[in-house]
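Novice:
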Amino acid sequence: MKKFSVVIAGGGSTFTPGIVLMLLDNLGKFPIRKIKFYDNDFKRQDDIAKACEIILKENAPEIEFRATTDPEEAFTDIDFVMAHIRVGKYAMRELDEKIPLKHGVVGQETCGPGGIAYGMRSIGGILELIDYMEKYSPDAWMLNYSNPAAIVAEATRLLKPNSKILNICDMPIGIETHMAEILGLESRKEMIVKYFGLNHFGWWSSITDKEGHDLMPQIKEHVAKYGYTVKIDENQHTDASWNDTFAKAKDIFAVDPTHLPNTYLKYYLFPDYVVEHSNKEYTRANEVMDGREKFVFGECKKIAEAGTAKNSELHIDEHASYIVDLARAIAFNTQERMLLIVENKGAIRNFDETAMVEIPCIVGSNGPEPLSIGDIPRFQKGLMEQQVAVEKLVVEAWAEKSYQKLWQAITLSKTVPSATVAKEILDDLIEANKEYWPELK
Ligand code: NAD
Ligand code: G6P
Ligand code: MN
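Position in the sequence shown counted from 1, then plus 143, gives you our numbering.
Set out below in C-alpha cells:
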C-alpha cells in the first residue's frame, strides 16, 4: 500500500500531539512514511516537536520526522497538509473575546466581532500556506481546520479558486457523538445525516439509521429537555463553558423544533444571554491557556525530560479521526459521505450560488461532490443570508483594505446591536490588530 507524507502546519498547536497519536493509531488505514511539522514560532513548535519525536520513535520508528520553520523544507515532498494555525495565538484570541465584551457584545473565537477580527488575521496566513503548498508540492491537498473556517473558506474561494483545499469542522462530529450517546449507538457512523448551513451556523434536517428509520424523534425528545447534555467520556468539549453550550441547545431547539441546531447558534440567537453569562476579565481564551495549553505543554516537557512517553497522560484525539477519514477518502477514493464547507453552486436551491455552505458531500480522489439539499426553510434562509453577507464583506474588506466594508460586516452581524457599537468595536480591534491586519483605508 502507498505510504503518505504529511505536514502539520501549526506544529505548535495544542492539538498537535493528539493528532499525532491519532495518526499513529490509524496507520493501518492510512499508512504514513513521513511527518513534518511547520510553524512560524520556532520555540512553541520545538516544545511540542521534542515530545512528538519521542512518541514517534517509540511507536513507529520507520516514520521519518522533522520539525521546521522553513517553508521549502516543510512543504517539499508532501501529499497532505493538515493545517491548524492560529494567527496571533491565544494572546490575540483573548483580545478578540474581551474587546467586544467591553462594549456589551458577544466575545467569541469564531462568532461576532471576535470571529471577524480572527478572520482578518487568518486569511493572509492561510493564503501563504497555500502558496507554499502549490510551489513545493503542487499535487498535495490541504485539509484545513484553521478557524474561522467560514471566513477562511470564503477567502480561498474568492482569492484562490483553483486551490486544492478542503475546509472542515469538528463541531457537527462532536454533536453527533452526543446524539449517538442519546440513541445508545456505538458510533455516530451508524447515523445517516442531512445537515445544511454555514460553518458554525447549521442544522440537521434528517437523521436516520442505516435502514432508513427516523432517529430524529428520540433525539428531539432529549434535546427538548436537556439540550445535547449527556454523560459521556470525552477529552474535548468538557470544560464548564462547554457544558453550558450543550445545555443551551435546548433553547435554540425551542425556536425551531423541526430541526436540530448546531450549538454555535447560541451566539446569534441568544447574544444577550451569552453576554450576561460572560466574565469580562476571564474568557474562554483564559480557560484554554490555564487548561489545555498548560496541560499539553506540561506533558510535552515531561516527555522531553524523561526521554520517554511511557508515563504520559497525553490522549489520542480520537474524535479527530475524521481527518484520517478525509485523507483516506482522497487517497483511496473511498467515496465516504462527510460534512464539508464547499461552494453552494445550487446544492441549496434557494440560496446564494457562491456561498460557502456546510453540507454533506461524497468525497473521493477528485475531491468532494456535494449532495443536493433542495430548498431550505425561510427562518434558516433568513439567518444564513445575513451571516453569509457578513463573511463575504470581511473577505472583501481584507482584499480591498476597506474600513467601510469591515464596519458594514460588524454592523450586519446578528450579535451587534447598532452601527454605532460596531464602529466603536472596530476602532478598538484595529488598534489591537495593527501587526496582523492590512492597513484599512
Ligand atoms: P494554538 O495557538 O495552540 O496553535 C496554533 C499554532 O499556529 C501556533 O503554534 C502558532 O505559532 C501557529 N501559527 C500561527 N500563525 C502561523 C502562520 N502564519 N504560519 C504557521 N504557523 C502559524 O491553537 P489551537 O487552540 O491548538 O488551535 C489551532 C487551530 O485549530 C485554531 O485555528 C483553532 O481555531 C483550530 N481548530 C479548529 C477546529 C475546527 O472545528 N475546524 C477544531 C479545533 C481547533
Ligand atoms: C469546536 C469548534 C472549533 C473551535 C473549538 C474551540 O471544536 O468546532 O472550530 O476551534 O470548538 O474550542 P476551544 O476549546 O479552543 O474553545
Ligand atoms: Mn469548528
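Just so it is clear, CB atoms sit at the ideal spot from N, CA and C, and this is done for glycine as well.
Can you tell which of T159, E205, E456 and E377 has its C-alpha closest to the C-alpha of I175?
Specialist: The shortest Cα separation from I175 among T159, E205, E456 and E377 belongs to E205.
Novice: Which of the three DSSP states, helix, strand or coil, is assigned to K278?
Specialist: Correct three-state label for K278: helix.
Novice: I want to check one thing, is the minimum distance from the CB of E416 to the heavy atoms of the ligand G6P below 8 Å?
Specialist: Rather than Glu, the amino acid found at residue 416 in this sequence is Tyr. Checking the Cβ of Y416 against the ligand G6P gives no.
Novice: Among E201, W385 and N342, which has the Cα closest to the Cα of C431?
Specialist: It should be noted that the sequence gives Val, not Cys, for residue 431. Checked all of E201, W385 and N342; the closest Cα to V431 is W385.
Novice: Output the distance between the C-alpha atoms of G510 and I484, rounded to the nearest integer angstrom.
Specialist: Their backbone Cα atoms lie some 12 Å apart in a straight line.
Novice: Three or more C-beta pairs under 8 Å: does that hold for the region 482 to 501 against the region 330 to 339?
Specialist: Cβ pair count under 8 Å is three or more, so yes.
Novice: Measure the C-alpha to C-alpha separation of P214 and Y181 and round it to an integer number of angstroms.
Specialist: Approximately 7 Å between the Cα atoms of the pair.
Novice: What is the C-beta distance between Y411 and C254, in whole angstroms, given that I count them as a contact (C-beta under 8 Å)?
Specialist: Going by Cβ atoms, the distance from Y411 to C254 rounds to 7 Å, so yes, they are a contact pair.
Novice: Check whether the region 515 to 533 and the region 352 to 369 touch, using three or more Cβ-Cβ pairs below 8 Å as the test.
Specialist: They do not touch, by the three-pair rule.
Novice: Pick out whichever of F185, A152 and L199 has its Cα sitting closest to the Cα of L170.
Specialist: When only C-alpha atoms are compared, the closest one is L199.
Novice: Enumerated in chain order, which unbroken segments of the beta strand (DSSP E) with a length of 3 residues or greater are wholly contained in the region 327 to 381?
Specialist: Those beta strand (DSSP E) runs which fall completely within the region 327 to 381 and span 3+ residues are 335 to 341 and 344 to 351.
Novice: Report yes if the C-beta of G517 is less than 8 Å from at least one heavy atom of the ligand NAD; otherwise report no.
Specialist: Not so, every heavy atom of the ligand NAD lies at least 8 Å from the Cβ.
Novice: Which complete alpha helix (DSSP H) runs does the region 376 to 445 hold, if anything under 4 residues is left out?
Specialist: With a minimum length of 4 residues, the continuous alpha helix (DSSP H) runs that stay inside the region 376 to 445 are 383 to 398, 409 to 412, 414 to 419 and 427 to 431.
Novice: Is the beta carbon of T159 within less than 8 Å of some heavy atom of the ligand G6P?
Specialist: T159: no, Cβ never under 8 Å from the ligand G6P.
Novice: Out of Y279, D387, A474 and S306, point me to the one whose CA is closest to H420's CA.
Specialist: Out of Y279, D387, A474 and S306, D387 has the C-alpha closest to the C-alpha of H420.
Novice: Taking Cβ positions, are I446 and I162 nearer each other than 9 Å?
Specialist: The answer is no: Cβ separation not under 9 Å.
Novice: What's the call for L330, buried or exposed, on a 16-neighbour Cβ count within 10 Å?
Specialist: Note that residue 330 corresponds to Ser in the displayed sequence, not to Leu. Classification of S330: exposed, given that the 10 Å Cβ count is below 16.
Novice: Suppose the cutoff is 6 Å on Cβ atoms and the five residues either side in sequence are ignored; what does the same chain contact list for W284 look like?
Specialist: So the list reads F223, K307 and I473, once near-sequence residues are dropped.
Novice: Measuring CA to CA, which of D282, T558 and I318 is closest to T381?
Specialist: With distances taken between Cα atoms, T381 lies closest to I318.
Novice: Give the secondary structure of T159 by DSSP, where H, G and I count as helix, E and B as strand, and everything else as coil.
Specialist: Three-state result, T159: helix.
Novice: Just to confirm my understanding: we take A203, look at its own chain, exclude 5 residues before and 5 after, and list those with CB closer than 7 Å. What are they?
Specialist: Cβ within range, chain order: L167 and L170.
Novice: Closer than 7 Å by C-beta to G450: which residues in its own chain qualify, once you throw out the five before and the five after it? Chain order, please.
Specialist: The answer, listed in chain order, is I197.
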